[in-house]
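Scroll down for the structure; my scribbles are underneath it.
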Amino acid sequence: LIAMEWGHEHRRGLSASWPQMGVPLGLVLSTGAVRLTTAATGADFLTFGWRIPFIISIVLIGVGMFVRLRVVESPEFEAVRKRNKVVRAPLIEALRRQPKEILLSALVRTSEQAPFYLFITFVLTYATKHLKVSSDPVLVDTLIAAALGLISIPVFGKLSDRFGRRRVYGIGVVATALFAFPYFGLLNTGNALLIGIAVIVSLLIHDVQYGPQAALIAESFDPDIRYTGAGMGYQLASVIAGGPAPLIAAALLQGTGGSAAISIYIIVCAGISMAALLLLPKRASTAAASAQASEVSHA
């Protein structure tokens, strides 16, 4: 939110996409740290080596605190504060004024959240237990896709500035649905190259939604309750869509013995997101708010 509100009015999609890169960057760094520690400690990794990455991660806490304590409020929020419009009970106010946006913000993430956890976690179990192949190549494919995400996420964020958040996001939702059956079709071949294509393409399709997502959701809320409203919708999706997804997929696989039901599950998630995207109220351009904030910042 801070990145978006500090960004130029016509580059908010790009600005808001930069923090989104934390997910693929974290995936690359964490996996790399574990692999390096495993190589360095060898057989002792399970004894004490696994603690090393956790201890080193304390540095990230310090970096986060340093950055947060030095970030000033955005001009847009300062404009709200100058007009004495700061909400004292933002949670209650957000639920009272924009409950529809909170719910739809959560639902619009369904086709991004649920498939994402299938593409990065469930796929490892699916490869080893169902396909009887090693998870190591799949993990490498995931890391390659994550590295590509450092480029694709801001690209799709920028495209949302040019062509609109809803259009770019909608393309990602449709692509997710269309790739649901081909994804498992490629995995089921057991061929390392085709599995790699499935993993990388699936996560690039995810990035089509993830790039513009932060700006899409944040712009759905009034500035004085934006942080609370967007945060509630954002995290609610993680609870109802992201978290249960691998468990649902595992249950479907066990119950049906095949991947078709999981593909249908992904398509259903895409349908929910598309419906939410169409129902999410179209708010007026943020130009007025940005102009007003600019006036305050230059006062």
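Using the working numbering, read the sequence shown as starting at 1 and increasing by one per residue.
Note that the Cβ used here is the ideal one computed from N, Cα and C, for glycine as well.
Please read all numbers here as calculations on a predicted model, not as lab measurements.
Contacts around residue i, its chain only, beta-carbon distance under 7 Å, and the 5 residues preceding and following it disregarded
i, result
"F221", "Q98, E101, G229 and A230"
"V138", "V123, L124, A127, I195 and V199"
"L25", "L150"
"V34", "P53"
"Q254", "none"
"S238", "Q113"
Distance CB(residue i)-CB(residue j) smaller than 8 Å
i, j, result
"L186", "I197", "yes"
"A245", "A146", "no"
"Q213", "R83", "no"
"T37", "P53", "yes"
"V168", "F179", "no"
"G172", "V133", "no"
Residue i: CB within 7 Å of a non-hydrogen atom of the ligand NAP
i, result
"A39", "Looking for the ligand NAP in the displayed structure turns up nothing, as the structure carries no ligands at all."
Nearest neighbour of residue i, chosen from the options [CA to CA]
i, options, result
"K129", "G258, L159 and R83", "G258"
"V208", "T176, E219 and I61", "T176"
"G32", "I144, D44 and F179", "I144"
"G233", "G211, L280 and L193", "L280"
"F184", "F119, M274 and L29", "F119"
"L131", "L46, A192 and F156", "A192"
"S141", "I264, V28 and L178", "The sequence shown places Asp at residue 141, not Ser. Of the listed residues, the one whose Cα sits closest to D141 is V28."
"M274", "S238, I264 and R166", "R166"
"T377", "L46, L236, L91 and A249", "Nothing about residue 377 can be read from this structure; the chain reaches only from 1 to 299."
"F181", "L236, T256, I56 and I264", "I264"
"L60", "K282, G22 and H206", "G22"
Cβ-based neighbour list, residue i, same chain, cut-off 6 Å, excluding 5 preceding and 5 following
i, result
"V201", "none"
"H298", "Its pLDDT being 38, under 50, H298 is placed unreliably by the model, and nothing is read from it."
"K158", "L14"
"S285", "Bear in mind that the predicted position of S285 carries a pLDDT of just 39, short of 50, making it unreliable; the figure below should be weighed with that in mind. Cβ within range, chain order: n/a, list empty."
"A91", "This sequence places Leu at residue 91; Ala is not what is there. Around L91: T228."
Whole-angstrom C-beta distance between residue j and residue i, which should lie under 8 Å
i, j, result
"I151", "S17", "Between S17 and I151 the Cβ distance is about 11 Å, and since that is not below 8 Å, they are no contact."
"L252", "I262", "5 Å"
"A276", "L95", "Contact doesn't hold; Cβ gap of about 18 Å is too wide."
"L107", "I217", "Contact doesn't hold; Cβ gap of about 11 Å is too wide."
"F48", "G242", "Incorrect: roughly 32 Å between the Cβ atoms, too far for contact."
"C269", "S111", "5 Å"
"G211", "Q20", "7 Å"
Same chain, Cβ closer than 8 Å to residue i, neighbours up to 5 away in sequence not counted
i, result
"A287", "Confidence in A287 is poor, its pLDDT being 38 and thus under 50, which makes the residue's placement unreliable; the coordinate value appears in the next sentence. So the qualifying residues of the chain are E9."
"V174", "A270 and M274"
"N188", "L131 and S259"
"S30", "P53"
- Message: As an exercise, report each continuous beta strand (DSSP E) stretch of at least 3 residues that is fully enclosed by the segment 216-291, in chain order.
- Response: none
- Message: What ranges does the alpha helix (DSSP H) occupy inside the segment 49-108, keeping only unbroken runs of at least 4 residues that lie completely in it?
- Response: 51-56, 58-70, 75-82, 90-97 and 99-108
- Message: Extract the residue ranges of the alpha helix (DSSP H) inside the segment 133-191, only unbroken runs of 4 or more that lie entirely within it.
- Response: 135-163, 165-178 and 180-187
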